[in-house]
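What follows is one structure encoded as structure tokens, with my remarks underneath.
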Amino acid sequence: MEILQLISKKLQKINIIHIIFTSFSIHMFVISHPNFEVLDEVFFTTFMRWFMLGIDHSPYQLPGLSFIVSPFVYVFGDNWASWRFPIVIFGMVFLYFSNKVIEQVSTKKIAIITSIIMAFSPVIFVSSSLMLRDMPVMAIGFFSIYLYFKQKYYFAALLIGLSALIKETAIFFVMFIVIYHVLNNKEELIIAVKNIPTYRFKFIKTPLIFLLIMAASFLIPLAIYDNTITVLEYSTRYPEYFAVNENFEPGVMRFDILRSTTEIYQKPVEQFNYVSQVTDPIHHLQVIFTKGYYTQQEVATNEFIASFLPIPSGKTVHNITYGYDKTYIDEEGIERHQKEYSTLWVQSIINYTWWHFGFWSCIILMGYTIFQRIKNKIQIPKDITFIFSGFVFFVPYLIIDALRDTFAYYMIYFLPVMGVGLTTIIYKIPNKTIRFLIFAAFLLAIISNFLYIFPMWGF
Numbered sequence: 001m002e003i004l005q006l007i008s009k010k011l012q013k014i015n016i017i018h019i020i021f022t023s024f025s026i027h028m029f030v031i032s033h034p035n036f037e038v039l040d041e042v043f044f045t046t047f048m049r050w051f052m053l054g055i056d057h058s059p060y061q062l063p064g065l066s067f068i069v070s071p072f073v074y075v076f077g078d079n080w081a082s083w084r085f086p087i088v089i090f091g092m093v094f095l096y097f098s099n100k101v102i103e104q105v106s107t108k109k110i111a112i113i114t115s116i117i118m119a120f121s122p123v124i125f126v127s128s129s130l131m132l133r134d135m136p137v138m139a140i141g142f143f144s145i146y147l148y149f150k151q152k153y154y155f156a157a158l159l160i161g162l163s164a165l166i167k168e169t170a171i172f173f174v175m176f177i178v179i180y181h182v183l184n185n186k187e188e189l190i191i192a193v194k195n196i197p198t199y200r201f202k203f204i205k206t207p208l209i210f211l212l213i214m215a216a217s218f219l220i221p222l223a224i225y226d227n228t229i230t231v232l233e234y235s236t237r238y239p240e241y242f243a244v245n246e247n248f249e250p251g252v253m254r255f256d257i258l259r260s261t262t263e264i265y266q267k268p269v270e271q272f273n274y275v276s277q278v279t280d281p282i283h284h285l286q287v288i289f290t291k292g293y294y295t296q297q298e299v300a301t302n303e304f305i306a307s308f309l310p311i312p313s314g315k316t317v318h319n320i321t322y323g324y325d326k327t328y329i330d331e332e333g334i335e336r337h338q339k340e341y342s343t344l345w346v347q348s349i350i351n352y353t354w355w356h357f358g359f360w361s362c363i364i365l366m367g368y369t370i371f372q373r374i375k376n377k378i379q380i381p382k383d384i385t386f387i388f389s390g391f392v393f394f395v396p397y398l399i400i401d402a403l404r405d406t407f408a409y410y411m412i413y414f415l416p417v418m419g420v421g422l423t424t425i426i427y428k429i430p431n432k433t434i435r436f437l438i439f440a441a442f443l444l445a446i447i448s449n450f451l452y453i454f455p456m457w458g459f
């Protein structure tokens with residue numbers, strides 16, 4: 001018992017700076033592995049290179065990630081360090097502000113333990129180690145929620161609008177703030193609705209300005225982008241150019257974005273078979289919504305989300321591959337890597353066990369709180385309001401899952417909520433020794449899973 005108490009006291013001295021320093025150190029240790037593009041980096045590095053040449057062949061993707069990474073590439077060169085270092089920084093920002101957000105709705109202990117879970121969740125680690133879009137959006141999104149809690153509403157709106165330039169999933173943070181605000185201020189809102197003539201200006205002023213700032217911070221930069229960069233729309237999401245075939249007959253060739261060469265990069269705009277040039281943000285959004293999403297016909301399995309729910313489901317690991325397992329020298333003498341990465345690896349970065357415990361912990365906590373609310377008229381605590389509002393990061397994927405394939409790492413936005421649910425329900429255990437042992441078991445399992453996956457970064 002004395003040993004457990006001693007360990008517990010030592011652990012209580014851990015703060016978010018210790019966690020960030022540890023996570024950053026591990027990131028720096030593996031940032032060069034692999035030293036070429038992997039997974040979706042092959043797309044985003046290509047988009048970024050087009051952006052730096054002043055042209056956009058992929059308007060179905062928002063350009064924010066290229067905004068972030070291109071200055072590093074310009075200064076430090078087109079290499080793995082320039083692609084990944086800014087994303088690592090966003091990963092540390094995410095850890096800091098997700099911790100601060102959880103402190104606002106719960107205790108510092110729960111916030112710290114949740115942060116440890118996040119830091120050692122491989123899906124978080126992978127997303128903050130590669131040139132991918134989700135981590136910048138999550139970092140800015142949780143910063144926005146923190147600003148909302150500090151009543152800096154307009155600054156929060158500005159940041160959410162800017163983060164939407166990276167990925168449209170920024171809208172989830174708007175939905176979270178709206179739901180949390182309504183649930184946390186429902187009495188005041190009911191009074192305001194009943195007395196609209198008296199409160200109407202006060203009732204709509206802040207939300208209206210919030211929406212206007214958010215829309216302006218998204219649309220104005222996108223309009224500047226569309227009128228500064230040459231943005232080309234094609235009949236499909238795949239760029240095409242005019243060429244002559246082996247029989248010297250003119251035709252149209254579709255080029256593979258993953259195999260873009262210097263010759264393709266140097267082609268003038270008039271040699272591309274584009275439908276139109278995008279010059280306004282409305283047109284840009286139309287391209288995104290009509291050509292930027294896969295359909296059930298293009299990719300079709302929907303087994304992952306079902307694994308969380310009491311409905312029939314098959315395996316929860318997708319067995320498809322990215323690329324080919326070979327390295328070769330192309331016609332320009334450049335070494336190309338087309339290594340095979342099975343999504344068995346991608347999915348293995350998820351520790352399904354704690355995810356399921358976290359998910360059902362959230363369900364149990366919400367159900368029990370609603371029961372107590374109805375029976376005893378209790379005030380719903382902030383942590384439960386946070387968890388309830390946080391389901392906005394889960395529910396949209398039920399819709400996506402009905403339309404197309406849903407991979408496990410899409411749940412990355414919901415992870416902090418599940419972490420809070422898991423930690424909160426364990427803290428309900430009254431016996432300190434049992435509670436400590438359960439926490440120790442979960443943290444040991446999560447960190448062990450991380451260390452088990454970690455050697456995969458050696459490739």
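Start counting the sequence shown at 1; every next residue gets the next number (UniProt numbering). Here a beta-carbon is modelled for each residue, glycine too, at the ideal position from N, C-alpha and C.
{"Asked": "Of the residues 50, 255 and 79, the one placed nearest residue 470, counting alpha carbons only", "Found": "Because residue 470 is not part of the residues shown, which for the chain are 1 to 459, the question remains open."}
{"Asked": "Beta-carbon proximity check, residue 366 vs residue 388, cutoff 8 Å", "Found": "yes"}
{"Asked": "Beta strand (DSSP E) segment containing residue 241, residue limits", "Found": "240-244"}
{"Asked": "Beta-carbon spacing of residue 383, residue 106 below 8 Å", "Found": "yes"}
{"Asked": "Contact check, residue 169 vs residue 413, beta carbons under 8 Å", "Found": "yes"}
{"Asked": "CB of residue 443 within 8 Å of CB of residue 121, strictly", "Found": "no"}
{"Asked": "Endpoints, alpha helix (DSSP H) assigned at residue 421", "Found": "415-427"}
{"Asked": "Backbone CA spacing between residue 290 and residue 277 [nearest angstrom]", "Found": "16 Å"}
{"Asked": "Candidates 95, 271 and 183, of which the one nearest residue 125 by Cα", "Found": "95"}
{"Asked": "Cβ-based burial, residue 28 [other Cβ within 10 Å; buried from 16]", "Found": "exposed"}
{"Asked": "Helix, strand or coil at residue 230 according to DSSP, with G and I counted as helix", "Found": "strand"}
{"Asked": "According to DSSP, residues forming a beta bridge with residue 214", "Found": "Bridge partners of residue 214: none, in fact."}
{"Asked": "DSSP state of residue 135 mapped onto helix, strand, coil", "Found": "helix"}
{"Asked": "Inter-residue CB distance, residue 91 and residue 135 (contact presumed, cutoff 8 Å)", "Found": "5 Å"}
{"Asked": "The stretch 212-232 touching the stretch 156-166, judged by at least three CB pairs closer than 8 Å", "Found": "yes"}
{"Asked": "Residues that residue 277 bridges to, as DSSP identifies them", "Found": "232"}
{"Asked": "Supposed close pair residue 166, residue 62 - CB separation, criterion 8 Å", "Found": "6 Å"}
{"Asked": "Of the residues 115, 208 and 112, the one placed nearest residue 153, counting alpha carbons only", "Found": "208"}
{"Asked": "Close beta carbons around residue 418, own chain, < 7 Å, minus the five adjacent residues each side", "Found": "355, 358, 359 and 362"}
{"Asked": "Residue 444, DSSP secondary structure in three states", "Found": "helix"}
{"Asked": "C-alpha distance - residue 440 paired with residue 65, whole-angstrom precision", "Found": "38 Å"}
{"Asked": "Beta-carbon contacts of residue 311 that lie in its chain and below 6 Å, excluding the five residues immediately before and after", "Found": "Residue confidence is low: residue 311 scores 37 on pLDDT, short of 50, so the model does not pin down where it sits. Its coordinate-derived value is still stated next. No residues qualify anywhere along the chain."}
{"Asked": "Residue 237 (DSSP reduced to helix, strand or coil)", "Found": "coil"}
{"Asked": "Residue nearest to residue 394 in terms of C-alpha spacing, selected from 381, 380, 410 and 235", "Found": "410"}
{"Asked": "Exposed unless 16 or more other CB atoms sit within 10 angstroms - verdict on residue 305", "Found": "Residue confidence is low: residue 305 scores 48 on pLDDT, short of 50, so the model does not pin down where it sits. No coordinate-derived value is stated."}
{"Asked": "Span separating the alpha-carbon of residue 151 from that of residue 103", "Found": "15 Å"}
{"Asked": "Beta-carbon separation (whole angstroms), residue 31 vs residue 129, contact threshold 8 Å", "Found": "7 Å"}
{"Asked": "Cβ pair residue 56, residue 231 closer than 8 Å", "Found": "yes"}
{"Asked": "Simplified DSSP state of residue 36, which is helix, strand or coil", "Found": "coil"}
{"Asked": "Residues of its chain near residue 287, where Cβ-Cβ distance is below 8 Å and the 5 sequence neighbours each way are ignored", "Found": "59, 60, 233 and 278"}
{"Asked": "Cβ neighbours of residue 112 in the same chain (closer than 8 Å, five flanking residues each side left out)", "Found": "14, 15, 16, 19 and 99"}
{"Asked": "Environment of residue 466 [buried if 16+ CB atoms lie within 10 Å]", "Found": "With the chain represented from 1 up to 459, any question about residue 466 goes unanswered, as that position is not in the structure."}
{"Asked": "For residue 266 and residue 255, the rounded distance between their alpha carbons", "Found": "14 Å"}
{"Asked": "Per DSSP, the bridge partner or partners of residue 141", "Found": "Paired residue(s): none; residue 141 is not in a bridge."}
{"Asked": "Extent of the continuous alpha helix (DSSP H) to which residue 161 belongs", "Found": "153-163"}
{"Asked": "Rounded C-alpha distance that separates residue 139 from residue 127", "Found": "12 Å"}
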